[in-house]
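S.K.:
In our numbering, the protein residues as written are 379 to 803.
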């Protein structure tokens with residue numbers, strides 16, 4: 379019987395969340411808003427309903443830091459009318475009733491009733507050609523986000539500061555375009571329907587590029603051409619999220635591929651990679667879309683490509699990767715304010731294509747390729763699917779999982795998703 383009640387409660391919360399998601403979507407698109415309530419110098423868009431208009435005083439009280447205590451006053455008046463008999467009740471009952479009334483008059487932001495947004499969790503989003511899976515490192519649980527197989531094998535992924543997920547890459551052949559039939563896929567994840575939406579394809583197909591974002595634009599930076607010459611690129615494609623159109627941005631100061639691109643405070647950082655001569659670079663530059671210019675910054679201490687990079691705690695971290703002499707396990711951290719690189723605790727193993735993810739204040743390192751010795755003594759590159767985290771207190775890397783399911787061939791992003799919309803695996 380208890381199990382049935384739990385299932386019924388879970389179903390109720392799920393349906394309630396669906397309804398709230400729909401209402402929020404309508405609110406976001408302004409379908410409920412047709413007037414503005416002004417409180418002092420602030421404006422609150424709302425719907426012209428008598429029920430909301432009666433709440434104007436409550437909005438004013440909340441704006442001025444006062445709580446509405448209408449119910450409490452009514453109860454006190456009722457006690458006065460009842461006379462001294464009501465006052466002779468036990469102190470325990472009075473205390474319990476008082477606590478109940480205090481809880482009732484709390485505004486919504488202070489009570490613990492589960493509402494929209496409270497089911498959002500910080501997850502590591504794994505995107506591969508076999509589907510999309512969200513991993514919760516705190517609970518060590520996986521959720522199926524999408525079973526779509528339309529994700530290209532060789533792709534780059536990006537999560538914006540608005541929590542929108544995009545994927546670009548692969549090769550798309552358009553028979554209707556006779557002049558330039560080759561393009562790359564560009565997809566956006568719809569978290570409401572758990573589907574990938576087809577967006578205008580990349581006009582210039584490429585590989586080994588990276589994605590960045592700033593000021594409602596997504597940047598496809600560098601890479602190599604998917605043509606006969608496979609030349610390195612310095613071009614930058616720009617997708618306007620408001621007009622849904624592709625264009626070209628200011629080119630890089632140099633051609634590069636196998637590099638990392640990070641976005642922070644509406645700036646786009648390009649780090650490392652390989653140049654046209656196939657030599658690893660230690661260069662770093664930043665693009666300011668407001669000034670339409672690139673600026674070179676302090677170079678890394680170790681030239682590298684195919685490495686992990688992320689913004690964590692307001693600093694830029696790079697880890698492992700490929701150098702001109704082989705793989706490396708070194709880690710560096712860049713201070714954005716000081717424009718300086720400093721060494722960091724090395725990763726326990728030399729790897730390429732390591733992924734760094736900053737999630738809920740913790741730095742994670744996932745997967746990559748390492749050179750392992752087989753039973754015959756041969757050294758072969760091997761893909762690893764383990765996950766590590768950095769222990770800030772003990773200043774060391776700690777293993778979390780030896781093998782993370784569904785991580786093969788995936789890219790990894792830090793996202794916030796509603797777990798009630800996902801299927802636990």
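Here a beta-carbon is modelled for each residue, glycine too, at the ideal position from N, C-alpha and C.
Are the stretch 585–600 and the stretch 664–672 in contact at 8 Å, needing three or more beta carbon pairs?
M.R.: The stretch 585–600 is in contact with the stretch 664–672.
S.K.: Excluding sequence positions up to five away, which residues of its chain have a Cβ less than 8 Å from the Cβ of residue 640?
M.R.: Excluding residues within five positions, the ones whose Cβ falls inside 8 Å are 590, 646, 647, 649, 687, 688, 689 and 694.
S.K.: For the 8 Å Cβ check, are there 3 or more pairs between the stretch 497–508 and the stretch 719–727?
M.R.: The answer is no - the stretch 719–727 does not touch the stretch 497–508, with fewer than three Cβ pairs under 8 Å.
S.K.: Alpha carbon to alpha carbon, how far is residue 416 from residue 626? Give it in angstroms, no decimals.
M.R.: The straight-line gap from Cα to Cα measures roughly 43 Å.
S.K.: Counting along the chain, where does the beta strand (DSSP E) carrying residue 690 start and finish?
M.R.: From DSSP, the beta strand (DSSP E) with residue 690 extends over 686–690.
S.K.: Would residue 587 and residue 566 be called neighbours here (beta carbons separated by less than 8 Å)?
M.R.: Their beta carbons are not under 8 Å apart, which means residue 587 does not touch residue 566 by this criterion.
S.K.: Starting from residue 784 and walking both ways along the beta strand (DSSP E), at which residues does that stretch end?
M.R.: Per DSSP, residue 784 belongs to no beta strand (DSSP E) and is neither H nor E.
S.K.: Can you list, in chain order, the residues of its chain whose CB lies under 6 Å from that of residue 431, leaving out five sequence neighbours each side?
M.R.: Residue placement at residue 431 is poorly supported in this model, since its pLDDT is 47, which falls under 50; the coordinates still yield a value, given next. Cβ neighbours of residue 431 beyond the five flanking positions: none.
S.K.: Runs of 3 residues minimum, wholly inside the stretch 718–791: which ones carry the beta strand (DSSP E) assignment?
M.R.: Within the stretch 718–791, the complete beta strand (DSSP E) runs of at least 3 residues are 718–722, 733–737, 740–751, 757–769 and 774–779.
S.K.: Classify residue 678 as buried or exposed, calling it buried when 16 or more other Cβ atoms lie within 10 Å of its own Cβ.
M.R.: Buried.
S.K.: Can residue 542 and residue 795 be called in contact, C-beta distance under 8 Å?
M.R.: No, Cβ-Cβ distance for residue 542 and residue 795 is not below 8 Å.
S.K.: Suppose you measure from the CA of residue 572 to the CA of residue 703; what does that come to, to the nearest Å?
M.R.: Straight-line Cα distance between these residues: approximately 43 Å.
S.K.: Buried or exposed: where does residue 684 fall if 16 or more other Cβ atoms within 10 Å of its Cβ makes it buried?
M.R.: By the 10 Å Cβ count, residue 684 comes out buried.
S.K.: Using a 10 Å radius around the Cβ and a threshold of 16 neighbouring Cβ atoms, would you call residue 622 buried or exposed?
M.R.: Exposed, since its Cβ has fewer than 16 Cβ neighbours within 10 Å.
S.K.: Between which two residues does the beta strand (DSSP E) holding residue 575 run?
M.R.: From DSSP, the beta strand (DSSP E) with residue 575 extends over 573–576.
S.K.: Please classify residue 584: is it buried, with 16 or more other beta-carbons within 10 angstroms of its beta-carbon, or exposed?
M.R.: So residue 584 ends up on the buried side.
S.K.: Quick check: the Cα distance between residue 487 and residue 515, rounded to an integer number of angstroms?
M.R.: Only weak support exists for where residue 487 lies, its pLDDT of 49 falling under 50; the value from the coordinates is given anyway. Distance between the alpha carbons of residue 487 and residue 515: 27 Å.
S.K.: What number of angstroms, rounded off, separates the C-alpha of residue 753 from the C-alpha of residue 691?
M.R.: Between residue 753 and residue 691, the C-alpha separation is close to 42 Å.
S.K.: Closest to residue 568 by C-alpha separation, out of 663, 399 and 744, would be which residue?
M.R.: The residue with the shortest Cα to Cα distance from residue 568 is 399.
S.K.: What number of angstroms, rounded off, separates the C-alpha of residue 522 from the C-alpha of residue 733?
M.R.: Cα to Cα, residue 522 sits roughly 21 Å from residue 733.
S.K.: Does the separation of the CB atoms of residue 547 and residue 525 fall below 8 Å?
M.R.: The answer is no: Cβ separation not under 8 Å.
S.K.: DSSP three-state label for residue 798, please.
M.R.: Residue 798 falls in the helix class under three-state DSSP.
S.K.: Looking only at C-alpha atoms, which of 651, 709 and 570 sits nearest to residue 600?
M.R.: Looking at the Cα atoms, 651 is the closest of the given residues.
S.K.: Rounded to whole angstroms, what is the Cα-Cα separation between residue 533 and residue 414?
M.R.: Each residue's Cα considered, the two are about 45 Å apart.
S.K.: Among all the DSSP beta bridges, which residues are the ones paired with residue 662?
M.R.: Beta-bridge pairing links residue 662 to 649.
S.K.: With C-beta atoms as the reference, is residue 537 less than 8 Å away from residue 792?
M.R.: For residue 537 and residue 792, yes; Cβs fall inside 8 Å.
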